[in-house]
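Protein chains in written order, with our numbering: chain A, 2 to 258; chain B, 51 to 337.
Here a beta-carbon is modelled for each residue, glycine too, at the ideal position from N, C-alpha and C.
Single-structure report; data block below.
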Ligand SMILES: Nc1ncnc2c1ncn2[C@@H]1O[C@H](COP(=O)(O)OP(=O)(O)O)[C@@H](O)[C@H]1O
Ligand SMILES: [Mg+2]
């Protein structure tokens, strides 16, 4: 199933990974890889372990067993160099900082302990804000953003990390059609810059229509590969544990309940 | 005019009042800076838990005839770190961890005191504070520890802020989050240690919370919030000592009531967010 063309070395490899919380199993024997420079979707119903998987990949949650290897250019591989956009619901939006300051925090890992972010870091943060069309709100407090703007801010912060691999947790949730479209365009652009994007979502149709790769997850990996191979009626029924209507049609695969 | 000046100058002609002023201002400033993190994280409970739990340490030191300050300091630090440890296990909620440790320490203190017969006035100075009784050694110790706390906050400001705001993201970008969380708890513990003697167990919380809460009504970003909080704390210390001098009342209570007075003034009149302001303008006109 994985694309074996030699130009695509895997950016991420996850092998035999199991993880959970206080004896509760959230991930069981998960194995897959994501190739460099591709837009990959991590699809599964709520509670299927998507966020847990991203957190394990980032080193935020200790797995019970298995391993995650991240490859990148020399000196820039490993976990410190993964961009991350957490699920918006887990962010404290009442915290009194401005949008500009929050995005600048994406630079803190690079700046290092004790040292202050410099002019270059500010420029990168501003450029990231411009990229998501949020520069005009830089001086606002984060609590004064709309839901869509909040997601854009989190994406800008992930961009400010300047990582080659970016993990995004439910970036599409709660966005209207226009905002979803804008976001997908941005993801396309980033992919063209040879970044690897791994996007957790429960929005099947979006992945089916726009992504190169999909990992279908429900505690275990149900399937991974091209969306057209993964989104079959049988596999989706296994992942979502109910029947879904799949309408294969030309370049698009429509999926509905 | 010169009579007024004399009135203003009079308290400070006494050395114990000078010492009290220096100690109270130092403690208020440090408490406001550290307290800013406490209120941002919604950890006011910990500001109450540490002094109460440290009562256990004070009582043990009292029973064994050791230095009471040292007993209280060790207890406050141990409490802060064990709260962090319990909360880090992830099996109970943070406020539950705080509650359990707080109650154990305080109950231990009461238990020990109940076994002591006779004169326990030294212990009372810990419960209610004794700012008028601080020695020069106390002042120097307060200045040293306070300076250390402020320096630590200044050096690790960026990491403490990121950890307080979004610990997951901070960890993902390589900030040593666990060290920062324990570090913040230890700084709160040290702040309680220096505040204990000035404010007493019952009132330490007020100096951690009231000045930054006042500042939060006046500004919405952290650096000015710390600065305004420190100013409010210092002004409260100064006015509180005047009140204590001329009205002959408890100094720590006067300082705390001044600080809470500032809070209510800001609550009513803060531009944009004060109660009266909101009555005069419709919400859409707010800044
Ligand atoms: N902090 C936690 N403590 C205990 N269980 C958790 C925690 N976070 C997630 N879980 C459980 O792990 C499973 C996977 O959750 P999660 O990774 O958040 O799924 P998803 O992101 O796909 O919705 C769920 O059953 C959830 O209840
Ligand atoms: Mg999730």
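Have a look at the options and flag the residue whose alpha-carbon is nearest the alpha-carbon of residue i.
i	options	result
residue 138/B	269/B, 231/B, 277/B, 305/B	231/B
residue 80/B	317/B, 299/B, 194/B, 300/B	194/B
residue 266/B	245/B, 96/B, 182/B, 321/B	321/B
residue 191/B	243/B, 141/B, 215/B, 228/B	243/B
residue 240/B	72/B, 69/B, 97/B	97/B
residue 163/A	179/A, 205/A, 174/A, 128/A	128/A
residue 246/B	184/B, 69/B, 91/B, 276/B	184/B
residue 39/A	220/A, 214/A, 229/A	214/A
residue 104/B	224/B, 155/B, 205/B, 202/B	155/B
residue 312/B	127/B, 282/B, 129/B, 71/B	282/B
residue 145/A	180/A, 94/A, 155/A, 177/A	94/A
residue 175/B	254/B, 87/B, 85/B	254/B
residue 36/A	96/A, 139/A, 197/A	197/A
residue 187/B	119/B, 278/B, 164/B	119/B
residue 121/B	140/B, 100/B, 135/B, 136/B	100/B
How about residue i and residue j: do their beta carbons lie closer than 9 Å?
i	j	result
residue 153/A	residue 105/A	no
residue 188/A	residue 84/A	no
residue 110/B	residue 54/B	no
residue 78/B	residue 304/B	no
residue 235/B	residue 133/B	yes
residue 317/B	residue 307/B	no
residue 218/B	residue 56/A	yes
residue 43/A	residue 30/A	no
residue 252/B	residue 177/B	yes
residue 88/A	residue 49/A	no
residue 86/A	residue 169/A	yes
residue 223/B	residue 21/A	no
residue 150/A	residue 135/A	yes
residue 291/B	residue 93/B	no
residue 106/B	residue 125/B	yes
residue 95/B	residue 145/B	yes
residue 24/A	residue 203/A	no
Under a CB-based cut-off of 9 Å, is residue i close to chain B?
i	result
residue 154/A	no
residue 102/A	yes
residue 223/A	no
residue 162/A	yes
residue 110/A	yes
residue 23/A	yes
residue 98/A	yes
residue 171/A	no
residue 92/A	yes
residue 4/A	Low confidence applies here, because residue 4/A scores a pLDDT of 44, under 50, leaving its location unreliable and the question unanswered by this model.
residue 258/A	Because residue 258/A sits at a pLDDT of 49, beneath the cut-off of 50, its placement in the model cannot be relied upon, and the point is left open.
residue 107/A	yes
Taking 8 Å as the cut-off, does the CB of residue i come closer than this to any heavy atom belonging to ligand 2?
i	result
residue 201/A	yes
residue 52/A	yes
residue 88/A	yes
residue 211/A	no
residue 47/A	yes
Does the beta carbon of residue i come closer than 9 Å to any beta carbon on chain A?
i	result
residue 327/B	no
residue 93/B	no
residue 337/B	Residue placement at residue 337/B cannot be trusted, given a pLDDT of 41 that sits under 50; what the coordinates show is reported in the next sentence. No - not a single Cβ of chain A is within 9 Å of the one on residue 337/B.
residue 219/B	yes
residue 147/B	no
residue 235/B	no
residue 321/B	no
residue 226/B	yes
residue 212/B	yes
residue 206/B	yes
residue 231/B	no
residue 223/B	yes
Can you tell me whether residue i sits near ligand 1, meaning its C-beta is under 8 Å from at least one heavy atom of the ligand?
i	result
residue 296/A	Within the shown structure, residues of chain A are numbered from 2 to 258, placing residue 296/A beyond reach of any answer.
residue 218/A	yes
residue 170/A	yes
residue 12/A	no
residue 27/A	yes
residue 21/A	yes
Which residues, in chain order, does the stretch 178 to 204 of chain A contribute to contact with chain B at a C-beta distance below 7 Å? none
Chain-ordered residues of the stretch 112 to 139 of chain A with a beta carbon less than 9 Å from chain B: 112, 113, 114, 115, 116, 117, 118
Residues in the stretch 267 to 283 of chain B having any Cβ partner in chain A nearer than 9 Å: 269, 270, 271, 272, 275
With 7 Å as the limit, tell me which residues of the stretch 28 to 62 of chain A have their beta carbon closer than that to any beta carbon of chain B; keep them in chain order. 59, 61
Chain A contacts from the stretch 88 to 113 of chain B (Cβ-Cβ distance under 7 Å): 90
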